[in-house]
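Under this note's numbering, the first residue of the sequence shown is numbered 1039, with each subsequent residue one higher. All residues carry an ideal CB built from backbone N, CA and C; glycine is no exception. Predicted model, so just to flag it, every value in this text is computed and none were measured.
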Amino acid sequence: MRRLQGLGLSLLCFSAATQAEGLSGGVSVNLGYLSDDAPRFGQYSGVQEQGGYLGVDLNLESDADYRQSRYWLLDAERLGLDDYRVSAEAGERGAYRVRVDYQALVNNAIEGAQSPFRPGNPLTLPNDWQVEGNNTAGLLQLDESLAPVDFWQERGRLRLDYRHDLGEQWRLNAELRRETKTGNRILGGVTGYSGGNNRAALLPAPVDYETHIADLGLTYQGDGYHWGFAYHGSFYRSGDTGLAWPTPFGQNPQWADGVGYPNGNNQLALEPDNQYHQLRLFAGMPLFETTRAQLDLAHGRMTQDQDYLPYTLNPALTVNEALPQTSLDGRVDTTHANLRLTSRPAPQWHLSQRLRYRDRDNRTPQAVYQRVRGDAENQQAFESGRINRPYSLTTTEFASDAAYRLTRRVRLNAGYEYQHTERDYSEVRRLEEHALKLGARRTASATTAVSAELQHRQRRGSEYLDTLPYVQTHVPGTIGEDDFENHPLLRKYYLADRDRDQLRLRADWFPTAEFSAGLNFIYNRDDYQDVVFGLDDSIMRSWMLDWSYAAAEGVQLSGFASTDRYASEQFGRSFRGNVPTDVDDPERDWQVAARDRFDTYGLTLAWDNVQDRLDWDWLSGPLNLSLEWVNSRSRGEMNTYAGPALNHEPLPVLRTHLNHYRVNGDYQVTDQSAVRLSLEHERYTSADYALDDIAPDTAANVLTLGHRSPRYNVTWVVLGYRYQF
């Protein structure tokens, strides 16, 4: 139906345009065919199912003479497909402009999923669902109850942009946006509260939200300076406050009575309604003859007061105490300040200084929540309740850069950066980071240029208090100061002391006016200091070669080749909460060495006026050809090592391979009409051990969806006709 509506709208607009005076534009009608079903191929394009497609592109505008003062434009792309865009613009030059855009996007990249849960909220199980035991082996009616699940999401984006020049120096800008998203997604739901009795299921969760965004601004442009102020507002509304589902597993002996099937019910909260408001003041002005300043100040407030869901939906569980408040009553105040100075004290010098301040002041009230953990036990006593942590963060940054042209062919640059971060409710209260960088660029000759930049960053923090967050979330006096949740020697990578070294090299070669090539190399190493458990080391290497060659008039060749390598080392120790000696047992240590590799190659050819080169006199108009080829591979390895007290198996290699090519031919039949033939072929394969050969009941304690990693081999052919008027 949507495709027919798009076709009808296009024909109506085209018919009216061809009969009207003072208009110009064009219409394109494209017939396409996809050789096989391929959801991933058609991600965000609307071309996913085997079969034929009809798409229409349209553009209309008032004549150039008429646009001297007032004008209007209309553009539409891919009308008739699920993914399309329509925009309209009107205005008066030097006075105002109004623009409206709408874009529809469809995402349906998951195939082969199956679930016993029936759609809705709450989700339901079949009436004849039977269980025997507390794992997937006891789901007696699973195979008979599995039904295909089509995971999809449709997104619509509407934008209204208005600009009005209020005289020669004032300008008003207003932009309103509305985004809607509907469909479903994969979400994990858990019944249980400890490592021994948790049972999980992958659920088809609903997606239904809309976001409204408003941006208003007023700017004054003076002689060499400007200033203005602006407002930004964001309003998020969700159509579902939570997701409910029945427990598919039988009763576990550690659960409270009535938690297993058929009586158990579960619920989790989805993204809550929220809003954000921000006021901003900005200015730019010269301070001295060679120095210019830019200032940007902003203050905002985020709020979230969505009503809480109840502690549990399960009537069999005992709940003696109500929630401490009806909603989070969340509030976060944000402050941003940016000051930038740029100057050229001498022709060969360029200086830049930047000061940045960011503050996130979380004023959300704290309370003790007596949870019903995992909808599987009676409500906790007050002494076992947990307290929410209103995280706050303050960051101050300073940077200074200098560039100096030593000679006509040599340019040097240096810089220093400092960052100071304060956090609360965190293992590390304070972080300080210093960075130094040195660089140079040399034009060695008229055909060669090389550049290099070396950077060293050092981050150090205050004392790492590993037990602090755990203690802060408990009622004072109910646990010891040395009690812990994570291993006391574990260090979170974003809080740990770290040294980072980075090297960037670039070489450009242009021996002739027709040929040029460039080689780029990046090396990055992070060394985490004094880490016993956690991320210890990571290295990234990246190479890229690109080139371009004008083989003849109207013939352009270009290509690239890139390879990226990532390596990291992580250490840990497995311990059980009910075996205190595990914490100090080195035989329970483990290590993961991750190795990732990405290789991508590409080639393009653009050949204009083919008929002239080949003496095809039988063609009355120009023929242009283009070719595009891309080949990309990835390989990921996670090599695991473990002490004698642990059982482990090697993990399979992760792989992806994409081979894509496209050939286009454009022929100008007359001054007003042209045809295009496009052939696109894509082959994609992947291997993911988390998906492949994993049936819904393969894992004992997790009910999965049984879908595999994507793979396809498709051809997409399009024949198009365009008429200009």
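- Comparing C-alpha distances from P1348 to each of V1410, G1255, H1458 and N1312 shows the shortest one belongs to V1410.
- Taking 7 Å as the cut-off, the beta carbon of T1753 is found no closer than this to the beta carbon of S1083.
- Using a Cβ distance threshold of 7 Å, Q1762 and G1271 do not count as a contacting pair.
- Only residues of its own chain outside the window of five on either side were considered, and among them G1060, L1061, Y1109 and W1110 have a CB closer than 7 Å to the CB of S1100, listed in chain order.
- Of the candidates R1396, Y1407, Q1493 and E1666, R1396 places its Cα closest to the Cα of H1458.
- It is roughly 12 Å from the alpha-carbon of P1734 to the alpha-carbon of L1241.
- A straight line joining the alpha-carbon of S1724 with that of D1730 spans about 9 Å.
- For Q1141, the enclosing beta strand (DSSP E) covers residues Y1134 to N1145.
- Residues of the same chain with a CB within less than 6 Å of the CB of E1127, apart from the 5 flanking positions on each side, are L1111 and R1137 in chain order.
- Where V1509 is concerned, the enclosing alpha helix (DSSP H) starts and stops at L1506 to Q1510.
- Of P1688, A1551, Q1289 and S1716, the smallest CA-CA separation from A1414 is found for Q1289.
- Short of 6 Å from the beta carbon of L1492, and not among the five residues preceding or following it, lie these beta carbons of its own chain, in chain order: L1476 and L1541.
- Boundaries of the alpha helix (DSSP H) harbouring V1648: V1648 to L1652, taken from the DSSP string.
- G1556 is positioned such that its CB atom lies no closer than 7 Å to that of G1412.
- One alpha carbon belongs to D1311, the other to R1216, and they sit about 15 Å apart.
- The beta-carbon separation of D1575 and S1606, rounded to 7 Å, stays under the 8 Å limit for a contact.
- In this structure, L1319 sits near F1267, with a CB-CB distance shorter than 7 Å.
- Of the other Cβ atoms in all chains shown, 16 or more fall within 10 Å of the Cβ of R1497; this residue is therefore buried.
- Just so you know, the alpha carbons of P1077 and Y1722 end up roughly 12 Å apart.
- Distance from the CA atom of R1398 to the CA atom of R1275, rounded to whole angstroms, is 23 Å.
- E1127: not part of any alpha helix (DSSP H); member of the beta strand (DSSP E) spanning Y1122 to E1130, first to last residue.
- By alpha-carbon distance to P1353, the top candidate from L1366, A1384, P1300 and T1678 is P1300.
- For D1564, the enclosing beta strand (DSSP E) covers residues F1553 to Y1566.
- Here A1321 has W1265 and L1333 as same chain residues with Cβ atoms under 6 Å from its own Cβ, once five neighbours each way along the sequence are excluded.
- In the assembly as shown, R1447 is an exposed residue. Its beta-carbon has fewer than 16 other beta-carbons within 10 Å.
- Within a 10 Å sphere around the beta-carbon of A1239 sit 16 or more other beta-carbons, which makes this residue buried.
- For L1684, the closest of R1193, E1192, E1625 and H1525 by C-alpha to C-alpha distance is E1625.
- Taken through DSSP and simplified to helix, strand or coil, R1626 comes out as helix.
- Residue pairing by DSSP puts W1581 in a beta bridge opposite F1559 and T1601.
- Between the region 1669 to 1684 and the region 1624 to 1644 there are three or more C-beta pairs closer than 8 Å, enough to call the two in contact.
- Counting along the chain, S1183 sits inside the alpha helix (DSSP H) bounded by residues L1180 to S1183.
- Taking a cut-off of 8 Å on C-beta distances, the region 1431 to 1439 does not touch the region 1521 to 1529, as fewer than three cross pairs fall below it.
- Under the three-state reduction of DSSP output, G1089 falls in the strand class.
- Looking at A1336, G1226 and W1387, the one whose alpha-carbon comes closest to that of L1308 is G1226.
- In this structure, the alpha-carbon of Y1263 lies about 14 Å from that of T1328.
- Sequence-distant Cβ neighbours of Q1088 in its own chain, meaning closer than 7 Å and more than five residues away, are L1072, S1073, D1074 and D1075.
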